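What follows is one structure encoded as structure tokens, with my remarks underneath.
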Amino acid sequence: MNSDKVIVTVPVTGSAGDCSTPKLPITPKEIADSAVDAQKAGASVAHIHVRDVKTGTPSMEFELYREVVDRIRDRSDMIINLSTGAGARFVPDDKDPMGFGPESTLCVPQKRVEHVLRLKPELCSLDVGSMNFGARVFVNIVSHVETMAELILDAGIKPELEVFDMGHIEIAKHLLKTGKVHHPSLFQLCMAIPWGIPATTKNMIMMKEALPPGAIWAAFGISADCFPMAAQSVLLGGHVRVGMEDNLYLARSRRASSNRELVEKAVKIIRALDKEPASPEEARELLQIS
């Protein structure tokens with residue numbers, strides 16, 4: 018495998034960004050078009066969330082996922098990575114802490130991976146740990162994560178293990194030890210998310226050194242930490258994730274006009290460090306997926 022190649026993942030829209038943000042892809046066509054456009058700049062993996070087309074709010078609607086996947090597959094050889102993070106949000110009822118507030122989406126693990134099992138992408142995210150996540154709680158009970166991992170494994174899909182703090186890496190190692198995830202594992206080090214691990218060089222090194230032997234990994238920071246952490250990941254031998262799920266700005270006080278523009282800047286950083294973005298074919302080789 019070519020160590021001079023860097024996989025660039027574009028997280029096209031996410032589930033937390035302000036849906037009124039100009040240029041943020043909302044509809045399945047906008048999401049697919051933005052992903053394919055980002056490929057032209059050097060992205061080889063599209064990380065996909067979907068949104069309600071009328072309100073722009075996060076959605077788990079299967080038909081929205083299906084349309085996005087079909088549109089990308091019709092026009093591109095990009096690797097598709099579907100999110101399974103939806104269905105983990107818990108916001109308590111202010112009048113009853115044991116009750117669910119209207120923004121809660123907590124559901125059974127089978128529901129969280131339903132679209133993945135039906136659409137069969139090459140990759141899907143698997144969030145392995147719980148945490149305070151901004152104003153809500155991101156709930157990933159270990160037994161639920163185990164069930165999701167087993168379903169993903171049986172479907173022949175490679176999970177991208179998303180870790181937001183050091184303890185999450187230990188849960189991921191448990192999944193590997195128990196055979197619910199196979200080697201070589203794929204990790205995404207998620208940094209600067211309130212209230213996860215801060216985005217610093219020291220923390221990225223600490224997380225990298227805690228990974229199991231032979232792990233494939235990428236890292237990202239959100240907002241102002243996006244491009245510094247992209248550079249740091251490349252320097253440490255990792256891969257890169259940049260897109261409008263994580264960051265809306267190309268530079269201080271300058272909004273990005275598209276995912277492509279964010280990927281173009283990341284590719285400039287990669288090339289300044291004497292490496293090249295991987296094509297989808299090269300990314301498949303690096304990820305050891307067929």
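Start counting the sequence shown at 18; every next residue gets the next number (this note's numbering).
Don't be surprised by glycine CBs; every beta carbon is placed ideally from N, CA and C.
In this text, all values refer to a predicted model and were calculated from it rather than measured experimentally.
query: Straight-line gap, VAL25 to PHE244 (C-alpha atoms, nearest Å); result: 12 Å
query: Own chain residues within Cβ distance below 6 Å of ILE43, not counting five before or after; result: ARG68, GLY73
query: Inter-stretch contact (C-beta, 8 Å, three-pair minimum) for the stretch 175-182 and the stretch 211-227; result: yes
query: Sequence-distant residues of its chain with Cβ nearer than 7 Å to PRO297 (five each side left out); result: SER61, ASP94, MET95, ILE96
query: Exposure of PRO39, with buried meaning 16 or more beta-carbon neighbours within 10 Å; result: exposed
query: Burial state of LYS175, where buried means 16 or more other Cβ atoms lie within 10 Å; result: buried
query: Ranges of the beta strand (DSSP E) found wholly within the stretch 107-176, counting only runs of at least 3; result: 113-117, 140-144, 148-150, 153-155
query: Cross-strand partners of GLN205 (DSSP beta bridge); result: GLU179, ALA235
query: Residues that DSSP places opposite LYS22 in a beta bridge; result: GLU293
query: Top-ranked residue by Cα proximity to PHE150, from MET261, LEU265, VAL108; result: VAL108
query: Host beta strand (DSSP E) of ALA268 (start-end); result: 266-268
query: The stretch 114-133 / the stretch 160-173 touching (three or more Cβ pairs under 8 Å); result: yes
query: GLY104 beta carbon less than 8 Å from that of LEU134; result: no
query: Close beta carbons around VAL154, own chain, < 6 Å, minus the five adjacent residues each side; result: PHE107
query: Cutoff 7 Å; reference LYS282; Cβ partners in own chain excluding five residues on either side; result: PHE244, LEU267
query: Check whether GLU84 and PRO45 have beta carbons under 8 Å apart; result: yes
query: For VAL259 and MET18, the rounded distance between their alpha carbons; result: Note that MET18 scores a pLDDT of 47, beneath 50, so its modelled location is shaky and nothing firm can be said.
query: Rounded separation between VAL257 and ASP110 - CA only; result: 38 Å
query: Start and end residues, beta strand (DSSP E) containing VAL70; result: Counting along the chain, VAL70 falls outside any beta strand (DSSP E), and DSSP gives it neither H nor E.
query: GLY59 vs VAL284 beta-carbon contact at 8 Å; result: yes
query: Assigned secondary structure, HIS200 (DSSP; H/G/I helix, E/B strand, else coil); result: coil
query: Integer-rounded CB distance, given that THR30 should sit under 8 Å from MET261; result: 6 Å
query: Minimum C-alpha distance to MET208 - residue among SER160, LYS190, PRO229, ASN264; result: ASN264
query: Exposure of ARG277, with buried meaning 16 or more beta-carbon neighbours within 10 Å; result: buried
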